[in-house]
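Heads up, the thing below is written out as structure tokens.
Residue numbers (the numbering used here), protein chains in the order written: chain A, 1313 to 1680; chain B, 2 to 277; chain C, -14 to 296.
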């Protein structure tokens, strides 16, 4: 795989309205391969939109460089860059018809009429709006507008398509449908997508890789599953999915495995990733859904024992808050079964934790 | 409950219609009495005539010489022509200036922005007599000869503010990301302006231009100070006529002016309604 | 191979200069220039036969405010009294406009949407009609042989024609008629925003209609009242067209005085100084207005903290 987009040590800061500077990007480097679906994920203000705007040419970097297919972009104006953007609220031209919106980039590039007609037709077919060419933008539903925006920015066959939270304005059902369509479109066209969102579920579903941003830095760049299972730091662990983060200390290591002692002296065995030496202070990540409630006496394995303090029935599962002296409140999601009384508040419970459900993160401030 | 007679609401309605009567009766009087044949007392109805209209258009009338107050029609025509020339040029220049400043203030971040806002606001709140005398002093001390050119300059100084305000309102309603989308799709600055920004703000620009045209046509005070001897505009001409004495043909002129105002206002409102 | 482009900042700056250059030069030259030279003129000595001598003089203000060079001009309290009369007439006009427009704006705000727009159209239409035509109508109505007197005489209400034209009242009527749209629009926009449930809430809490009006309606529509009053007051104060047509020689306002200085007496420095009086009054008014506005803004800010916006 060759790099279609390379961001090298990009930095950008803005003047804050209250005075001082906001550092939107701090020395960020990123390489994106051909035909990759990469998501920039992070809370608002994390720098993801700035990154997108720097690539599309709406912001100059203070330092660093952006290369598209090996060519440095420098201060190249937005209209001379081989990337197109799907804007957050689509930014469709209300004074033009659907077809004229889609043909816009070809018209300004001086492509001849017959060619334009053909490509616009193909594009509208592809997004399923064949019959809508003469409609006005105001006559379309949100989902249709979304498709027009896609068609408009894909018709010129950009090297990279940038999508700035394009699904945030749609309702939930439509969003799921559009997620599938987007993914399909990307497969079909073989264009690199850079997708910005603050919705982690959306990111996990669609992406080949996800870059989690916070404070102007990439916290972790990984495939969705790796990101979920093996977050590199507390921020990523908390930002993606539900998490229990328990303070602990590595007490023994042997090859891939290691033992960690929690603050209540319980010792759990987990998998070791990275080089956490004995004696390192760590945070132990245990996802609420990776634990299993003991069904009968005699189930063996490592367990956290405690008392249920809160219990919520949510259909297929129970969400529990389990308390144990010396540990922070522990959240667990367990399968609901017939004997509901077992999960009532006040009941004692043993939660079994499989070895691969225990992930260690170097505690903040400790050496990694 | 609903049908209960409510005196408050009844009196308010009655008042509303009375108010509209107060606004429109004076205007209607002019129209009605412009057809009054009584040459001695304009306000006593003495039969229908078109003579006053004939007079101002220079046609022969049935009135005998004694009752004719014919001002020179040539003067009237030249005043109308002057007014139109001034209004046209003023509208052109102030629409360009006002739109340019509105674009700058709406779309750019710069340190002097509040200065420009104030600068565009000032002429609108300045009493027109002040601007009139200031311009007169300025033109005379710098050796400009008073004439149509000074009127155009004078009108432009305050009319670009009106265009600015109308266009700014339109720009504020327009999503800035449309311009970014255009650039993103490969259009350079000028193409973006021509294909996206201008069509989007066109109603504002046209509205501002029409406003500028109307105000320029109607301006009396500033023009009064800075028009030369040979460059009288229509309002100044009528003001002069009124000061010399009230004559029936002014009714006819006023009626024609009313008619054209209605036509312009209707066109403006039609355009606005069509946009929606 | 890579083409060099000017930075985004430089490109935007270039566009900005392109947009602002010509208007700035024009306005600096033909707007700020005239205002500055007018201020300079107020301190120059009038020439004997019109024109000015470039000699510093404070007597132009002296003649108005109370000191004068007795060799040429006497201090004459008539200027101050004319100024005060102008203020009084302008204030009366504002009040009349307000009293007339307020109930009407209320009535319009209650109409169904289509009628609302129609009434707003009706009230803005006169704005498109020539000012001089609208004033001419009132000359026709108020003259001794005018419509009003003919009607009153005809109905036998009066035996002698009433003496209305060339009085303060005629001037106030004329200015009120001309400036009504200026008062109506800001007033209407604040009255239309008024939430009807607030009035109901006030009544529900036991307030009488008068109390509701004074404690809820009036404070909530105050921005419209103040805004409308200012934009009526400013053109009224310096007006000379209305008094010259409807006030004649008997009702002289500061505007007429200024006009005389420029077009017949040809004492421009003195005329400019009179103009500065009008300017000063207008600026004072606006400063008060801005003070009130900024205080209201601050109150609004403390009530609802601004939403954090980050990118």
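All C-beta atoms, glycine included, are put in the ideal place defined by N, C-alpha and C.
Which residue or residues does DSSP assign as beta-bridge partners of residue i?
i: residue 1377 (chain A); result: A:1320
i: residue 49 (chain B); result: B:37
i: residue 1595 (chain A); result: A:1559 and A:1673
i: residue 1573 (chain A); result: A:1561 and A:1579
i: residue 244 (chain B); result: For residue 244 (chain B), which the question treats as bridged, DSSP gives no partner whatsoever.
i: residue 1327 (chain A); result: A:1333
i: residue 1618 (chain A); result: A:1661
i: residue 35 (chain C); result: C:33
i: residue 1383 (chain A); result: A:1380
i: residue 1351 (chain A); result: A:1507 and A:1522
i: residue 1604 (chain A); result: A:1664
i: residue 1632 (chain A); result: A:1623 and A:1644
i: residue 1397 (chain A); result: A:1474
Please check the pair residue i and residue j, which I expect to be a contact at CB under 8 Å, by giving their CB distance rounded to whole angstroms.
i: residue 186 (chain B); j: residue 107 (chain C); result: So it is not a contact: roughly 45 Å between Cβ atoms.
i: residue 208 (chain B); j: residue 167 (chain B); result: 5 Å
i: residue 132 (chain B); j: residue 111 (chain B); result: With a Cβ gap of about 27 Å, residue 132 (chain B) and residue 111 (chain B) do not count as contacting.
i: residue 1668 (chain A); j: residue 1647 (chain A); result: Residue 1668 (chain A) to residue 1647 (chain A), Cβ: 19 Å. No contact.
i: residue 1360 (chain A); j: residue 1350 (chain A); result: Actually they do not touch by this definition, with Cβ atoms about 11 Å apart.
i: residue 19 (chain C); j: residue 253 (chain C); result: Wrong, their Cβ atoms sit about 13 Å apart, outside the cutoff.
i: residue 104 (chain B); j: residue 12 (chain C); result: Residue 104 (chain B) to residue 12 (chain C), Cβ: 16 Å. No contact.
i: residue 1524 (chain A); j: residue 1357 (chain A); result: At roughly 14 Å, the Cβ-Cβ gap does not stay under 8 Å, so residue 1524 (chain A) and residue 1357 (chain A) are not in contact.
Which residue wins for smallest C-alpha separation from residue i, given the options the options?
i: residue 262 (chain B); options: C:76, C:38 and C:110; result: C:110
i: residue 50 (chain C); options: C:189, C:259 and C:206; result: C:259
i: residue 247 (chain C); options: C:0, C:23 and C:-7; result: C:23
i: residue 147 (chain C); options: C:280, C:30, C:127 and C:159; result: C:127
i: residue 1556 (chain A); options: A:1410, A:1524, A:1374 and A:1574; result: A:1574
i: residue 1373 (chain A); options: A:1347, A:1595 and A:1322; result: A:1322
i: residue 14 (chain B); options: C:92, C:139 and C:28; result: C:92
i: residue 1623 (chain A); options: A:1592, A:1642, A:1657 and A:1635; result: A:1657
i: residue 252 (chain B); options: C:143, C:118 and C:154; result: C:118
i: residue 1380 (chain A); options: A:1452, A:1471, A:1659 and A:1438; result: A:1471
i: residue 165 (chain C); options: C:181, C:88 and C:145; result: C:88
i: residue 42 (chain C); options: C:279, C:255 and C:262; result: C:255
At a cut-off of 8 Å, would you count residue i as near the ligand SAM, judging by its Cβ distance to the nearest heavy atom?
i: residue 110 (chain B); result: The ligand content of the structure shown is nil, which means the ligand SAM is not present either.
Note to self: Which residues of the stretch 175 to 206 of chain C have a Cβ closer than 7 Å to any Cβ of chain B? Give them in chain order.
What the structure shows: none
Check: Within the chosen definition, does the stretch 235 to 243 of chain B reach the stretch 77 to 88 of chain B through at least 3 CB pairs nearer than 8 Å?
Finding: yes
Next item on the list: Mind the definition here: the stretch 1485 to 1499 of chain A touches the stretch 1332 to 1340 of chain A only if three or more C-beta pairs lie below 8 Å; say whether that holds.
Entry: no
Next item on the list: Could you tell me whether the stretch 1375 to 1386 of chain A touches the stretch 1427 to 1446 of chain A, using the rule of 3 or more Cβ pairs below 8 Å?
Entry: no
Checklist line | Given 8 Å, three or more beta-carbon pairs between the stretch 220 to 231 of chain C and the stretch 74 to 90 of chain C | finding: yes
Next item on the list: For the stretch 241 to 255 of chain B, enumerate the residues whose C-beta is nearer than 9 Å to any C-beta of chain C, in chain order.
Entry: 243, 244, 247, 251, 252, 254 and 255
Notebook entry, point to check: In the stretch 28 to 49 of chain B, which residues sit with their C-beta less than 8 Å from some C-beta in chain C, listed in chain order?
Noted result: 28, 30, 31, 34, 42, 43, 44 and 45
Item checked: Chain-ordered residues of the stretch 79 to 90 of chain C with a beta carbon less than 9 Å from chain B -> 85, 86, 88 and 89
Margin query: With three or more beta-carbon pairs closer than 8 Å as the criterion, would you say the stretch 144 to 151 of chain B touches the stretch 1414 to 1432 of chain A?
Written below: no
Next item on the list: Can you give me, in chain order, the residues of the stretch 211 to 231 of chain B that have a beta carbon less than 7 Å from any beta carbon in chain C?
Entry: 215, 219, 221, 222 and 226
Item checked: Contacting positions in the stretch 258 to 286 of chain C - beta carbon closer than 7 Å to chain B -> 260, 263, 264, 267 and 271
Next item on the list: Answer yes if the stretch 90 to 109 of chain B comes into contact with the stretch 203 to 218 of chain B, meaning at least three C-beta pairs across the two stretches below 8 Å, and no otherwise.
Entry: yes
Next item on the list: Decide if the stretch 190 to 206 of chain C is in contact with the stretch 266 to 281 of chain C; the criterion is three or more beta carbon pairs, one per stretch, under 8 Å apart.
Entry: no
Margin query: Three or more C-beta pairs under 8 Å: does that hold for the stretch 1388 to 1407 of chain A against the stretch 1451 to 1464 of chain A?
Written below: yes
Next item on the list: Say whether the stretch 152 to 163 of chain C touches the stretch -11 to 3 of chain C, bearing in mind that this needs 3 or more beta-carbon pairs closer than 8 Å, one atom from each stretch.
Entry: Fewer than three pairs of CB atoms, one per stretch, sit closer than 8 Å, so the stretch 152 to 163 of chain C makes no contact with the stretch -11 to 3 of chain C.
Checklist line | Interface positions of the stretch 17 to 41 of chain C facing chain B (Cβ-Cβ less than 7 Å), listed along the chain | finding: 18, 19, 20, 22, 23 and 26
Next item on the list: Determine contact between the stretch 1648 to 1666 of chain A and the stretch 1610 to 1630 of chain A, defined as no fewer than three beta-carbon pairs at a distance below 8 Å.
Entry: yes
Check: Are three or more beta carbon pairs between the stretch 169 to 186 of chain C and the stretch 241 to 256 of chain C nearer than 8 Å?
Finding: no
Check: Between the stretch 179 to 212 of chain B and chain A, which residues of the former have a C-beta closer than 9 Å to a C-beta of the latter?
Finding: 179, 180, 181, 182, 183, 184, 185, 186, 187, 188, 189, 190, 192, 193, 196, 197, 200, 201 and 203
Next item on the list: Mind checking the stretch 90 to 110 of chain C against chain B and listing, in chain order, the residues whose C-beta falls within less than 9 Å of any C-beta there?
Entry: 91, 92, 93, 95, 96, 104, 106, 107, 108, 109 and 110
Check: Counting Cβ pairs, one atom from each stretch, are 3 or more of them under 8 Å apart for the stretch 12 to 23 of chain C and the stretch 165 to 183 of chain B?
Finding: Too few Cβ pairs lie closer than 8 Å, so no.
Margin query: Whether or not the stretch 150 to 158 of chain B and the stretch 1362 to 1382 of chain A are in contact is what I'm after, with contact meaning three or more pairs of Cβ atoms, one per stretch, closer than 8 Å; do they touch?
Written below: no
Item checked: Residues, ordered as in the chain, of the stretch 152 to 180 of chain B that lie near chain A by beta-carbon distance below 7 Å -> 176, 178 and 179
Next item on the list: Determine which residues of the stretch 1383 to 1408 of chain A have a Cβ less than 7 Å from any Cβ of chain C, and write them out in chain order.
Entry: 1383, 1384, 1386, 1387, 1388 and 1389
Check: At a Cβ cut of 9 Å, what residues of the stretch 112 to 130 of chain C count as close to chain B, listed as they run along the chain?
Finding: 112, 113, 114, 115, 116, 117, 118, 119, 120, 121, 122, 123, 124, 125, 126, 128 and 130
Next item on the list: Give a yes or no on contact between the stretch 200 to 207 of chain B and the stretch 170 to 186 of chain B, applying the rule of three or more CB pairs nearer than 8 Å.
Entry: yes
Checklist line | Residues, ordered as in the chain, of the stretch 1420 to 1446 of chain A that lie near chain C by beta-carbon distance below 8 Å | finding: Result list empty, no residue passes.
Notebook entry, point to check: the stretch 147 to 172 of chain C: which residues have C-beta closer than 8 Å to a C-beta of chain B, in chain order?
Noted result: Hits within the stretch, in order: 162 and 165.
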